[in-house]
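Residue numbers (my numbering), protein chains in the order written: chain G, 42 to 131; chain Z, 316 to 452. The C-beta atom is built at its ideal place from N, Cα and C for all residues, glycine as well.
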Amino acid sequence: MNIRIRYFASLREIVGQNEETLTLHDGATVTDVRALLLTRYPRLQPIMERSLCAVNRSYVPGETILRDGDELVFIPPMGGGCQESLLWSH
Amino acid sequence: MEPLIQLTREPLNREALVAAVSHPSVGGIVIFEGVVRDNARNKQVRYLEYDVYAEMAEQQIRTIIAEAQRRWGVERVAVAHRFGRLEIGEASVIIVVATPHRAEALEACRYIIDTLKTTVPIWKKEVATDGEEWVEG
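In structure tokens:
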């Protein structure tokens, strides 16, 4: 089966592309893909440890089983919104 | 009204957002506007670069607004977030909440910006005089 993986922010810069298609064995999980990406792009290690994961635009846990055609995105820590709200969260 | 959600590369238009939530039944309008500051953590910031996972961000913002509606009954909300390169002083995010009375609008607006920061996939890169980095909120 094939899934589409998209990269944003620091992950996009490390991987050097916006997206790619991965061919996986049936029953592959998000955690399996994480491991695959770390083999392919070792520099992702520190940021991957702090990233969440979304499948088809919803947050999911690592044990989630992927289906053909899924869109997978690893979500690095977010700093959006504005600078002021940084103060509120501290 | 249906919540107004904008994710755009273009400069944000505060007046248009306020007009979108205005209504004769409204007694108070709260606006939160986040702007690009020239300094952060003792660095001199030159400009910011925002990246967004637009399809998911819109969905997450919709969820946040729905929760604000459930908690405070606010019915007239607009949220706009800009992405791409933003210069010092430009608005990165504008939230407008209009309600019959002020208390609900103030609380809902605070909730929306605080939650947006933690759950909406929008990232910010600070480009400073001595280098650049993706900020982790």
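The beta carbon of G68 (chain G) is closer than 8 Å to those of I106 in its chain, skipping five residues each way along the sequence. For the C-beta of Y362 (chain Z), not a single chain G residue is nearer than 9 Å; the gap to the nearest is close to 13 Å. With at least 16 other beta carbons inside 10 angstroms of its own, T414 (chain Z) counts as buried. Secondary structure at D429 (chain Z): helix, using DSSP grouped into helix, strand and coil.
In the structure shown, L93 (chain G) falls within a strand segment according to DSSP collapsed to helix, strand and coil. Cβ-Cβ separation between Y368 (chain Z) and P436 (chain Z): approximately 4 Å, consistent with a contact (criterion under 8 Å). Any Cβ of chain G closer than 8 Å to the Cβ of V412 (chain Z) would place that residue at the interface, and such an atom is absent. Neighbours of D366 (chain Z) across chain G, judged by C-beta separation under 7 Å: F49, A50. Short of 6 Å from the beta carbon of E402 (chain Z), and not among the five residues preceding or following it, lie these beta carbons of its own chain, in chain order: Y362. Contact annotation, L77 (chain G) with L85 (chain G): C-beta distance approximately 11 Å; criterion of less than 8 Å not satisfied.
Under DSSP, the beta-bridge partners assigned to Q321 (chain Z) are Z:A395. Distance from Y82 (chain G) to L93 (chain G) at the Cβ level is roughly 18 Å; contact not present, criterion being Cβ atoms closer than 8 Å. Contact between V442 (chain Z) and E405 (chain Z) fails: their C-beta atoms lie close to 14 Å from each other, not under 8 Å. Annotated three-state conformation of R75 (chain G) is helix, per DSSP. The beta-carbon separation of L113 (chain G) and V56 (chain G), rounded to 13 Å, does not stay under the 8 Å limit for a contact.
Comparing alpha carbon positions, the residue from G:R45, G:A50, G:M42 closest to W449 (chain Z) is G:A50. It is roughly 46 Å from the alpha-carbon of E60 (chain G) to the alpha-carbon of H416 (chain Z). Spanning the alpha carbons of Q321 (chain Z) and G399 (chain Z) requires a straight line of approximately 14 Å.
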